[in-house]
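Please read the structure below before turning to the comments.
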Amino acid sequence: MSLFWRVFVINAVVLVGAVLLLIFTPATVSGEVRVVEILVLGGGVTAALAVNLVLMRRAFGPLERLARLMRRVDPLRPGRRVDAEGTLPEVADLAHAFNDMLERLELERRESGRRAVAAQEDERRRVARELHDEVGQTLTGVVLQLEALARRAPPELREGVLALQESARGGVEEVRGIARGLRPEALDEFGLRPALVALASGFAERAGLRVRRRLDGELPALSHETELVIYRVAQESLTNVVRHAAAREVEFVLEGHGTAVVLCVRDDGCGLDGASAGAWGGIRGMSERAMLVGGRLNIEPVSPHGTEVRLEVPVT
């Protein structure tokens, strides 16, 4: 029965029941309404309203459950759908329409996200190339000129020139490090596992962290897009650990689990509480990157303290 006819029948039953009670009970209303008659009428109206309320609640219950299910759907966790089995036709139609809308939104979001990420990676590649070829080469030339100048400089100036040369050499290394972070050459040339090894080693050296790595040597074949997502999530996770966690040790794990590849970055820092949640940058970006390849990202506190970033990516 449709919702319209169900509501109509409920109200008709209540009205007909009230009329039958007036017909077959000794209840009467005199010209001058007495207190007993007012109490009887009030009790009858109250009973009719109560019955109507109960029946209407049962009729509209599926709509309320559907609304609660809709509110629990998270756009950053694609694939969840509203179950419409065993409900009213109108509720089932709404659920199917909502599921179709989710399907279209997820498809459009994945496509637009892929285009945005591709454009971002192209821009990173261009900036990294210019840093390496232009700025890096210029600073390298400055280092060589300072080296030649130091050999010809008088003794009282040689120490200052050498210090300037070391500063320029440090600038060259910084530029190269930025370029490597913008576009990981190891990922393009050697694959995911060597790139993650280089990433973890670089963070351990620069930040003074103890990084315990456990990377499976036999991983299933992954697309380049999936490898890039795993690398960027690992990079962002380690960056957040260095900037916000005040950690001393990080566990860095990449392993295959049946039909999925799991990346786990766990630290022993101060944790991701309400006060520091806003300080952790890039969380939404990591979630959206994971969504582009059908993955799932979870960020949770660990006992007794610390934070775990877990990325699970299906193998297609």
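The opening position of the sequence shown corresponds to residue 71 in the working numbering, with each subsequent residue numbered one higher.
In this text, a Cβ means the ideal position worked out from N, Cα and C, and glycines have one as well.
The straight-line gap separating the alpha-carbon atoms of S237 and V363 is approximately 43 Å. When the beta-carbon positions are compared, G339 and V311 come within less than 8 Å of each other.
CA-to-CA, the gap between P290 and V335 works out to about 20 Å. A buried status is given to E306, since no fewer than 16 other beta-carbon atoms sit within 10 Å of its beta-carbon.
The Cβ atoms of V152 and M140 sit closer than 8 Å to each other. With a 10 Å radius around the Cβ and a threshold of 16 neighbouring Cβ atoms, A360 comes out buried. In this chain, the beta strand (DSSP E) harbouring E370 covers 366 to 371. Nearest to E378 by C-alpha distance, out of E204, D258, D337, is D337. If you draw a straight line from the Cα of R150 to the Cα of S293, it comes to about 24 Å. Look at G326 here: in three-state DSSP terms it is strand. Three or more beta-carbon pairs drawn from the region 79 to 86 and the region 110 to 122 are found closer than 8 Å, and the two stretches are therefore classed as touching. Here T309 is not near P384, since their CB atoms are 8 Å or more apart. A distance below 8 Å separates the beta carbons of L381 and V303. Apart from the 5 residues on each side of it in sequence, H202 sits with its Cβ closer than 8 Å to the Cβ of V245, R246, A249 in its chain, given in chain order. With a cutoff of 8 Å on beta-carbon distance, P254 and A265 are scored as near each other. According to the DSSP assignment, P384 belongs to the beta strand (DSSP E) that extends over 377 to 384. Counting of Cβ neighbours within 10 angstroms places S357 among the buried residues, the total reaching 16 or more.
Measuring C-alpha to C-alpha distances from T296 to each of I80, R263, L279, G241 identifies R263 as the nearest. Judged by pairs of C-beta atoms under 8 Å, the region 205 to 224 does not touch the region 181 to 189, as fewer than three such pairs exist.
Around the beta carbon of H314, a 10 Å sphere encloses 16 or more other beta carbons of the protein chains shown; the residue is thus reported as buried. L333 is positioned such that its CB atom lies no closer than 8 Å to that of D286. Secondary-structure assignment with DSSP links V335 through a beta bridge to F322, V379. Shown here for R366: same chain residues with a beta carbon closer than 6 Å to its own, the five before and five after excluded, namely E382 in chain order. Approximately 6 Å separates the beta-carbon atoms of G376 and G341; this is inside 8 Å, confirming the contact.
With fewer than 16 other CB atoms across the displayed protein chains lying within 10 angstroms of its CB, F260 is exposed. The beta carbon of L257 is closer than 6 Å to those of A265, Y301 in its chain, skipping five residues each way along the sequence. If you draw a straight line from the Cα of L90 to the Cα of G114, it comes to about 12 Å. In the structure shown, the three-state DSSP call for L285 is strand. Judged by DSSP in its simplified three-state form, R150 adopts coil rather than helix or strand. Three or more beta-carbon pairs drawn from the region 160 to 169 and the region 121 to 140 are found closer than 8 Å, and the two stretches are therefore classed as touching.
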